[in-house]
Amino acid sequence: MADLENFKIALDEHAIVAVTDRRGKISYVNDKFCAISQYSSDELLGKDHRIINSGYHTKDFFKNLWGTIKSGNTWKGEIRNRAKDGSIYWVNTTIVPILGQGGEPIQYIAIRAEITNLKLLEERNIEVIKELEETNKELSDFAYVVSHDLKAPLRGIHSLTNWLIEDYADKLDADGAQQLGLIANRVTRLNKLVDGILAYSRAGRNREDRQVVDLESLVHNVIELLAAPSHISVEVVAPLPQVMIEAFKAQQLFQNLLANAVKFMDKPVGKVVVDCVKEGALWHFTIKDNGPGIDTKYFNKIFELFQTLSRRDEVEGAGVGLSLVRKIIELEGGTIWVESTVGVGTAFNFTLPCIVVD
Numbered sequence: 085m086a087d088l089e090n091f092k093i094a095l096d097e098h099a100i101v102a103v104t105d106r107r108g109k110i111s112y113v114n115d116k117f118c119a120i121s122q123y124s125s126d127e128l129l130g131k132d133h134r135i136i137n138s139g140y141h142t143k144d145f146f147k148n149l150w151g152t153i154k155s156g157n158t159w160k161g162e163i164r165n166r167a168k169d170g171s172i173y174w175v176n177t178t179i180v181p182i183l184g185q186g187g188e189p190i191q192y193i194a195i196r197a198e199i200t201n202l203k204l205l206e207e208r209n210i211e212v213i214k215e216l217e218e219t220n221k222e223l224s225d226f227a228y229v230v231s232h233d234l235k236a237p238l239r240g241i242h243s244l245t246n247w248l249i250e251d252y253a254d255k256l257d258a259d260g261a262q263q264l265g266l267i268a269n270r271v272t273r274l275n276k277l278v279d280g281i282l283a284y285s286r287a288g289r290n291r292e293d294r295q296v297v298d299l300e301s302l303v304h305n306v307i308e309l310l311a312a313p314s315h316i317s318v319e320v321v322a323p324l325p326q327v328m329i330e331a332f333k334a335q336q337l338f339q340n341l342l343a344n345a346v347k348f349m350d351k352p353v354g355k356v357v358v359d360c361v362k363e364g365a366l367w368h369f370t371i372k373d374n375g376p377g378i379d380t381k382y383f384n385k386i387f388e389l390f391q392t393l394s395r396r397d398e399v400e401g402a403g404v405g406l407s408l409v410r411k412i413i414e415l416e417g418g419t420i421w422v423e424s425t426v427g428v429g430t431a432f433n434f435t436l437p438c439i440v441v442d
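Structure follows, in structure tokens:
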């Protein structure tokens, strides 16, 4: 009895405790129950738990609860109650039936822990996620509409510029031809920028299209499409795995990284290597080149949207590629980082989760 009394004291110190008879009438409550419900023990004894019912849960919820404990089984769940002053509180509840000699419940002991702050945080998180989803959809729709409205006049300007260059070639001096060429280049760059914005805005959507993708085949197809100049070799030095990802996004990922390595190559004999190794639950990919390298102070900048390290007129680019790469990788649960030595080369490292393929 002394041991049982010690257990009871410890339990009362830690938890909200109530005991009811088999009809659900309260026969015991501890101080914590009174404190959270704001009812005195005299107001609670002889009553049932409907005195703190908030009206939040359905009849089926309580039907399931009573069906479970009446059959002699323990019930566990979260319940929203209402205190005497009308305020709401949540409790994580375990109800244990005490069985008599005939195997029928004669008492029920309810042990609870307050989780009000946790539930409020969960509700707020749900609201924030919903707000973010709505905002992302609005931004994506806006990006699509703006890009669609921009592309039509861009095509017109590009066609008109080419027409002037072709039909008035004999009437233009070198300076005039150069200026028209610059206009054509600017239009091409703006068109790529619009395409990049669209790709970036779509990167987080349609995750239901994820599938098992064979990167061995995909990367070799990307290399063929790149058609690197003859002085640059692009080689896959390790077997590439299958991963769970959208095929189009996997292509964007490798195409951007490999295209950058080829585009910025400054060596007479260029070499780009694709490597892969398994590290626990992740695949670690490396795309390494012997190009110009990147100064450490730019390691973070290169992954920012619309950032490039070269002058716009020197190398064509919208500054979206590496931002898109990082977004795709992080959405898939991976990370990306760069290692580089100026004048020696660059290695882009990134991880993707492993999958089990039957």
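If you're matching positions, the sequence shown starts at 85 in the numbering used here and goes up one per residue. Note that CB positions come from ideal geometry on N, CA and C, so glycine has one too.
Start-to-end residues for the alpha helix (DSSP H) that takes in N90: A86 to H98
What is the residue span of the beta strand (DSSP E) that F145 lies within? F145 -> not in any beta strand (DSSP E); alpha helix (DSSP H) instead, spanning K143 to K154.
Residues in its own chain within less than 8 Å of D132 by CB, not counting five upstream and five downstream? T104, R107, G108, K109 and I110
DSSP has I193 in a bridge; who is on the other side? V103 and V180
Beta-carbon within less than 6 Å of H318's beta-carbon, same chain only, minus the 5 sequence neighbours each way: which residues are those? According to the sequence shown, residue 318 is Val rather than His. Correct list, in chain order: I307, A312 and V356.
I'd like the list of long-range same chain contacts for V101, defined as Cβ closer than 8 Å, with 5 residues on each side in sequence excluded. L95, Y112, V113, N114, K116, F117, I193, A194, I195 and R196
Euclidean distance between Cα positions of I93 and L149: 27 Å
Around the Cβ of S40, are there at least 16 other Cβ atoms within 10 angstroms (buried) or fewer (exposed)? Lying before the first or after the last residue shown, residue 40 is absent from the chain, which here runs from 85 to 442.
Under 7 Å Cβ to Cβ from Q262, same chain only, skipping five residues before and after it: list those, please. none
C-beta atoms of L299 and P325 nearer than 9 Å: yes
How do the stretch 372–392 and the stretch 423–437 stand: do at least 3 beta-carbon pairs fall below 8 Å, yes or no? yes
Per DSSP, which one or two residues make a beta bridge with Y173? N165
4-residue-minimum alpha helix (DSSP H) runs that sit fully inside the stretch 400–436, ordered along the chain: 405–415
Please determine, among E388, N275 and S243, the residue with the shortest C-alpha to C-alpha distance to R410. E388
Bridge partners of G360, per DSSP? The residue you asked about is not Gly; residue 360 is Cys in the sequence shown. According to DSSP, which records beta bridges pairwise, C360 is partnered with F369.
Kindly identify the DSSP beta-bridge partner or partners of S317. K355
On the criterion of 16 or more Cβ atoms from any shown chain inside 10 Å, does E97 qualify as buried, or is it exposed? exposed
Extent of the continuous beta strand (DSSP E) run through I439: No beta strand (DSSP E) contains I439, which DSSP labels as neither H nor E.
Only counting the same chain, and skipping five residues up and downstream in sequence, which positions put a Cβ closer than 7 Å to that of N344? G405
Spatial distance of R164 from F146 (CA atoms): 12 Å
Three-state secondary structure assigned by DSSP to N137: strand
Please say whether L302 and A322 have beta carbons closer to each other than 9 Å? no
By Cβ distance, which residues of its chain are closer than 8 Å to T380, with the 5 residues on each side in sequence left out? S424
In or out: Y140 buried (at least 16 other Cβ within 10 Å) or exposed? exposed
Is it buried or exposed, A119, if we count other Cβ atoms within 10 angstroms and call 16 or more buried? exposed
If distances are taken between C-alpha atoms only, which option among E127, I179, Y252 and W367 comes closest to S155? I179
Are there 16 or more other CB atoms within 10 angstroms of the CB of Q336, so buried, or fewer, so exposed? buried
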